[in-house]
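Chains as they are written, first to last, in the numbering used here: chain G, 112 to 398; chain F, 827 to 1155.
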């Protein structure tokens, strides 16, 4: 393999780790409450704008921006859960999809209205320069984003599988009534799940903002990436989202390198449709 | 026969509207309301009656619009010659999306429709034959009346009204046919319907294909009225949003819901665009988003369902007659 291809693949893996992180948020909500958040990509977008605001107002980079974005989005998540999700969950499917889809528009166009449609970027050297590791050029911002995203995704998996909070959340997703009889409050658990999912998504947004363009409509593209990742990885499966996220990052980068950047989204969306046809349960999921 | 009274009065008022309100703005507004009502009514067949929320319906709208404009720009034919091709392409795409996803839970279907719409937009933007990012234009000067290119909005008004009536007629016929009964059963409980032998996936697919074909007609009419189509106006996600929100605001799954929704939202958008100018575009969609959230949160049935409920409370005996989709006698 040429060193350029290796570099492309490494770049894809680092981007894929960020995809995995924000897709974990989507898959967590989906797996736990059977609600698909159509505003998920716009949560990523909000995280990006929070990071941008932190930089313009305070002049500091993602080390402050990312935790702030996580906190802000976690708050948004809780508000959305109590304000909207809790009631539409009980309603028909139409209400669920409409509710989160309307939320997506509301967020997207509020940001559009406040910031304009222009693409914004953070300065390229905010995190650091470019390193040369064994002949592979690595941008510090991508490296930081990829590594942090990978660690947080793994942490999320451990939180869900190894802690009592995770077990309580699992119990609520299995049978909310039974969980309630065991003294677990489904409402609090679901609110916590929204906080965690939205917080992780905001964090991913702040990380990706260090090297990605920032625009109100970026959530549309990233939202579809999250859908593709989750359906590839299988519902509710954080490890599935991790593997699928890395895979999609690599596929995107390699196809952008081989057939041109314009076609990378076409490749990913077509792959998604192929999966729906032939393996709708995803790589690791159960139906 | 009383149940036909109000629709007849409404129809008479709709026919008279452009003769009473004669300024170009008012006539154009009327034509746009009817145009969006056609698209939203087509969406309603799959989104309302079948309960499968398509959020990428613009792909069919785009098929119709692009087929019509391509018929003119590449073959110098009247744009309406492209309509059958647009319908055929739409029905084929609906089958490709619907066959795998309608077997699964509704979320898959919604996600797949978004992905297909984005995919179509990206492909068209990079296809020279379809005008790439610039788009395709229709006839600048009408050659014959078959070009359906008029300066006044009045001919469009009556053309759209005719197509809307046909669309509503097909919807009404569908709700009263075997498929309509299956759809109602599936919407109540898919598992129960399946276990009683209703071919759920197939019926949903038929509804989806029918809806796709009708949506492409709306797209074709749109391109004829505006004389061009580009990736944003023919395949942008906001067109899908409009269909969905109009149907949901008026009443998804009710015959006249989409028309009511269009009659509220189209004037709102036109006026806000006129008053606020370019800055208004963003704000309009903030309001749209807020309206969708509020409907979903408080009144998923839409305005007509709310009125029907209040009406039924007021006059219990009249309740069935007030429903948008009357049952077969």
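C-beta: ideal position from N, C-alpha, C; glycine also.
Spatial distance of residue i from residue j (CA atoms)
{"i": "residue 978 of chain F", "j": "residue 848 of chain F", "result": "11 Å"}
{"i": "residue 120 of chain G", "j": "residue 969 of chain F", "result": "56 Å"}
{"i": "residue 133 of chain G", "j": "residue 218 of chain G", "result": "17 Å"}
{"i": "residue 914 of chain F", "j": "residue 236 of chain G", "result": "52 Å"}
{"i": "residue 367 of chain G", "j": "residue 963 of chain F", "result": "31 Å"}
{"i": "residue 228 of chain G", "j": "residue 1059 of chain F", "result": "17 Å"}
{"i": "residue 313 of chain G", "j": "residue 155 of chain G", "result": "5 Å"}
{"i": "residue 889 of chain F", "j": "residue 881 of chain F", "result": "16 Å"}
{"i": "residue 893 of chain F", "j": "residue 916 of chain F", "result": "10 Å"}
{"i": "residue 1061 of chain F", "j": "residue 961 of chain F", "result": "11 Å"}
{"i": "residue 832 of chain F", "j": "residue 987 of chain F", "result": "17 Å"}
{"i": "residue 884 of chain F", "j": "residue 1049 of chain F", "result": "13 Å"}
{"i": "residue 388 of chain G", "j": "residue 935 of chain F", "result": "12 Å"}
{"i": "residue 983 of chain F", "j": "residue 318 of chain G", "result": "51 Å"}
{"i": "residue 370 of chain G", "j": "residue 250 of chain G", "result": "23 Å"}
{"i": "residue 261 of chain G", "j": "residue 254 of chain G", "result": "11 Å"}
{"i": "residue 1014 of chain F", "j": "residue 203 of chain G", "result": "10 Å"}
{"i": "residue 906 of chain F", "j": "residue 1109 of chain F", "result": "35 Å"}
{"i": "residue 949 of chain F", "j": "residue 297 of chain G", "result": "45 Å"}
Spatial neighbours of residue i in its chain, beta-carbon cut-off 7 Å, leaving aside the 5 residues before and after
{"i": "residue 188 of chain G", "result": "305, 306, 308, 309, 310"}
{"i": "residue 195 of chain G", "result": "210, 214"}
{"i": "residue 868 of chain F", "result": "993, 1037, 1040, 1041, 1044"}
{"i": "residue 1144 of chain F", "result": "Reliability fails at residue 1144 of chain F, whose pLDDT of 48 lies under 50, so the model's placement of it is uncertain and no value is given."}
{"i": "residue 118 of chain G", "result": "247, 248"}
{"i": "residue 1127 of chain F", "result": "1077"}
{"i": "residue 1129 of chain F", "result": "1075, 1076, 1077, 1086"}
{"i": "residue 192 of chain G", "result": "301, 302, 305"}
{"i": "residue 361 of chain G", "result": "120, 123, 124, 127"}
{"i": "residue 183 of chain G", "result": "161, 313"}
{"i": "residue 965 of chain F", "result": "898, 973, 975"}
Below-8 Å beta-carbon distance, residue i vs any chain G residue
{"i": "residue 1147 of chain F", "result": "Reliability fails at residue 1147 of chain F, whose pLDDT of 46 lies under 50, so the model's placement of it is uncertain and no value is given."}
{"i": "residue 953 of chain F", "result": "no"}
{"i": "residue 1077 of chain F", "result": "no"}
{"i": "residue 1123 of chain F", "result": "yes"}
{"i": "residue 1135 of chain F", "result": "no"}
{"i": "residue 1119 of chain F", "result": "yes"}
{"i": "residue 1012 of chain F", "result": "no"}
{"i": "residue 944 of chain F", "result": "yes"}
{"i": "residue 884 of chain F", "result": "no"}
{"i": "residue 1152 of chain F", "result": "Note that residue 1152 of chain F scores a pLDDT of 44, beneath 50, so its modelled location is shaky; the value from the coordinates is reported in the next line. Output row for residue 1152 of chain F: interface = no."}
{"i": "residue 948 of chain F", "result": "yes"}
{"i": "residue 1074 of chain F", "result": "yes"}
{"i": "residue 841 of chain F", "result": "no"}
{"i": "residue 1019 of chain F", "result": "no"}
Test: residue i CB closer than 8 Å to a CB of chain F
{"i": "residue 298 of chain G", "result": "no"}
{"i": "residue 116 of chain G", "result": "no"}
{"i": "residue 96 of chain G", "result": "Because chain G in this structure spans residues 112 to 398, residue 96 of chain G falls outside the shown range and cannot be described."}
{"i": "residue 205 of chain G", "result": "yes"}
{"i": "residue 285 of chain G", "result": "no"}
{"i": "residue 365 of chain G", "result": "no"}
{"i": "residue 120 of chain G", "result": "no"}
{"i": "residue 198 of chain G", "result": "yes"}
{"i": "residue 133 of chain G", "result": "no"}
{"i": "residue 195 of chain G", "result": "yes"}
{"i": "residue 209 of chain G", "result": "yes"}
{"i": "residue 400 of chain G", "result": "Since the displayed chain G opens at 112 and closes at 398, residue 400 of chain G lies outside it and no answer follows."}
{"i": "residue 246 of chain G", "result": "no"}
{"i": "residue 213 of chain G", "result": "yes"}
Sequence-distant residues of the same chain with beta carbon closer than 6 Å to residue i, five excluded per side
{"i": "residue 252 of chain G", "result": "238, 321, 322"}
{"i": "residue 971 of chain F", "result": "none"}
Own chain partners of residue i with C-beta closer than 8 Å, once the 5 adjacent residues on each side are dropped
{"i": "residue 1030 of chain F", "result": "872, 876, 878, 924, 928, 1009, 1012"}
{"i": "residue 1149 of chain F", "result": "In this prediction, residue 1149 of chain F has a pLDDT of 46, which is less than 50 and means its spatial position is unreliable; nothing more can be read from the coordinates."}
Residue i beta carbon near the ligand NAD (any heavy atom closer than 7 Å)
{"i": "residue 989 of chain F", "result": "As presented, the structure is devoid of all ligands, the ligand NAD included, so that no description of it is given."}
(message) Please identify, using Cβ separations under 8 Å, the residues of the region 155-186 of chain G that lie next to chain F, in order along the chain.
(response) Within the region 155-186 of chain G, no residue has a Cβ that lies closer than 8 Å to any Cβ of chain F.
**Request:** At 4 residues or longer, and completely inside the region 168-251 of chain G: list those alpha helix (DSSP H) runs for me, N to C.
**Result:** Runs found: 173-191, 204-226.
Exercise. Can you list, in chain order, the residues of the region 215-227 of chain G whose Cβ is nearer than 8 Å to any Cβ on chain F?
Worked result: Within the region 215-227 of chain G, the residues whose Cβ lies closer than 8 Å to some Cβ of chain F are 215, 216, 217, 218, 219, 220, 221, 223, 224, listed in chain order.
- Query: What are the residues of the region 372-394 of chain G that lie near chain F, defined by any Cβ-Cβ distance shorter than 7 Å?
  - Reply: Within the region 372-394 of chain G, the residues whose Cβ lies closer than 7 Å to some Cβ of chain F are 373, 376, 377, 380, 381, 383, 384, 387, 388, 391, listed in chain order.
| message | Using a Cβ-Cβ cutoff of 8 Å, what residues of the region 342-361 of chain G are near chain F? List them in chain order. | response | Within the region 342-361 of chain G, the residues whose Cβ lies closer than 8 Å to some Cβ of chain F are 342, listed in chain order.
task = Run through the region 325-353 of chain G for me and flag every whole alpha helix (DSSP H) of 4 or more residues, listed as ranges in chain order.
result = Complete alpha helix (DSSP H) runs here, min 4: 329-344.
- request: Quick one: which residues of the region 905-937 of chain F get their C-beta closer than 7 Å to a C-beta of chain G? List them in chain order.
  value: Those residues of the region 905-937 of chain F that come within reach of chain G (Cβ to Cβ, closer than 7 Å) are 926, 927, 930, 932, 933, 934, 936, 937.
query = Closer than 7 Å, Cβ to any Cβ of chain F: which residues of the region 306-338 of chain G, in chain order?
reply = Within the region 306-338 of chain G, the qualifying residues are 331, 335, 338.
Members of the region 868-882 of chain F that neighbour chain G once the beta carbon cut-off is set at 9 Å:
Taking 9 Å as the Cβ-Cβ cut-off against chain G, the residues of the region 868-882 of chain F that qualify are 873, 874, 877, 878, 879, 881.
Note to self: Quick check on the DSSP output: what are the complete alpha helix (DSSP H) runs of length 4 or more inside the region 853-932 of chain F, in order along the chain?
What the structure shows: Here the runs fully enclosed are 884-901, 909-927.
Residues from the region 136-155 of chain G in contact with chain F, defined by Cβ distance under 9 Å:
For the region 136-155 of chain G, which is checked against every Cβ of chain F, the residues closer than 9 Å are 141, 145, 146, 147, 149.
**Q.** Runs of beta strand (DSSP E) wholly within the region 1033-1119 of chain F (minimum 3 residues, chain order)
**A.** Taking 3 residues as the minimum length, the region 1033-1119 of chain F contains no beta strand (DSSP E) run wholly inside it.
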